[in-house]
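Residue numbers (the working numbering), protein chains in the order written: chain A, 711 to 823; chain B, 75 to 186.
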Amino acid sequence: SQTIHQWPATLVQPVGSPLSLECTVEGTSNPNLYWYRQAAGRGLQLLFYSVGIGQISSEVPQNLSASRPQDRQFILSSKKLLLSDSGFYLCAWSRGGRTYEQYFGPGTRLTVT
Amino acid sequence: GESVGLHLPTLSVQEGDNSIINCAYSNSASDYFIWYKQESGKGPQFIIDIRSNMDKRLGQRVTVLLNKTVKHLSLQIAATQPGDSAVYFCAENSYNFNKFYFGSGTKLNVKP
């Protein structure tokens, strides 16, 4: 069976510090990978998605970036965090091709102070 | 981008009653819809999906209805249980299978 992991589960970082959130998927190959951000009491905003190693599509302009160094690894980064980067970050995967269902990880709660 | 929203931000129901959560979408070209359940502090969990060539789909204790004429989606939960308490999101996909647009969510409170 497939599983998706995210870490850390919670993170408190000062403004201006760097960020690295990691997501890995097990039990599948060539997945599509996604990063979402969820503000408190709000829906999910798609930040990045990737259909393969080194292939990243950005949905919204921001000071965040994403990388996919391995097939089942997806990293969300920032060089300098802003207060507005606080939120709940969710990684998701779906099978490649025209299948739609996305499976979400447990999320990372980021608080920028 | 596409607009997906929910009519009721909070819904309180009595245990054992049926629940109906509604969702409106704006893009008539959307061809796939999913309902997700999100418990506090956790990632969304897939509940049920429906494609635009259907108007109803049944799951385990849940039914999704799609009215393309008015661009409306609903999730019906039968015999609501305390474990159903969560935030429910609808999401739509328009041809591009990589992109889903999520509504803001409805919080379901189940009273014992």
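Even for Gly, the Cβ is constructed at its ideal location relative to N, Cα and C.
In this text the structure is predicted, and so the values were computed from the model without any measurement.
Exercise for the section: Buried or exposed for B:L82, please, with buried defined as at least 16 other CB atoms from any protein chain shown within 10 angstroms of its CB. Expected result: Along the second sequence, one-based indexing puts residue 82 of chain B at 8. Annotation note: pLDDT 45 at B:L82 (below 50); position unreliable, coordinate value reported separately. Exposed: under 16 other Cβ atoms inside 10 Å.
Exercise for the section: Under 7 angstroms between beta-carbons, which chain A residues line up against B:G21? List them in chain order, please. Expected result: No information on residue 21 of chain B is available, as it lies outside the stretch 75 to 186 that chain B covers here.
Handout entry: Limits of the beta strand (DSSP E) - the one that B:R135 falls within
Key = As a position in the second sequence, residue 135 of chain B is number 61, starting the count at 1. Taken as a continuous stretch (DSSP letters only), B:R135 belongs to no beta strand (DSSP E), as it is neither H nor E.
Problem - Sequence-distant residues of its chain with Cβ nearer than 6 angstroms to B:F107 (five each side left out) - result: By 1-based counting over the second sequence, the position of residue 107 of chain B is 33. For B:F107, where only same-chain residues beyond five positions count, the Cβ hits under 6 angstroms are I124, L147, E166.
Exercise for the section: Using a Cβ-Cβ cut-off of less than 7 angstroms, give me the residues of the region 790–804 of chain A that come near chain D, in sequence order. Expected result: Absent from the structure is chain D; the protein chains it does hold are A and B.
Exercise for the section: Look up A:I766 in the DSSP assignment and give the residues it is bridged to. Expected result: By 1-based counting over the first sequence, the position of residue 766 of chain A is 56. Answer is none; A:I766 lacks a bridge partner.
Problem - Inter-residue CB distance, A:I766 and A:R778 (contact presumed, cutoff 8 angstroms) - result: Translated into the one-based positions of the first sequence, residue 766 of chain A becomes position 56. Translated into the one-based positions of the first sequence, residue 778 of chain A becomes position 68. Rounded, the Cβ-Cβ distance is 6 angstroms, consistent with contact.
Exercise for the section: Verify whether the separation of the beta carbon atoms of B:Y178 and A:G797 is less than 8 angstroms. Expected result: The residue you call residue 178 of chain B lines up with position 104 of the second sequence. The residue you call residue 797 of chain A lines up with position 87 of the first sequence. Checking the displayed sequence, the identity of residue 178 of chain B turns out to be Ser instead of Tyr. No, Cβ-Cβ distance for B:S178 and A:G797 is not below 8 angstroms.
Practice task
Would you decide whether B:D158 is buried or exposed? Buried here means 16 or more other CB atoms lie within 10 Å of its CB.
Solution key: Against the second sequence, residue 158 of chain B aligns to sequence position 84. Here B:D158 is buried: its Cβ has 16 or more other Cβ atoms, across all protein chains shown, within 10 Å.
Practice task
Can you grab the Cα-Cα spacing for the pair B:L80 / B:N96, in whole Å?
Solution key: Sequence index remark: in the second sequence, residue 80 of chain B carries index 6 (1-based). Sequence index remark: in the second sequence, residue 96 of chain B carries index 22 (1-based). Model confidence at B:L80 stands at a pLDDT of 43, short of 50, so the residue's coordinates are unreliable; what they give is reported in the following sentence. In a straight line, the C-alpha of B:L80 is about 6 angstroms away from that of B:N96.
Practice task
Indicate whether at least one CB of chain B lies closer than 8 angstroms to the CB of A:L786.
Solution key: For this step, residue 786 of chain A is matched to residue 76 along the first sequence. It does not; no Cβ of chain B falls within 8 angstroms.
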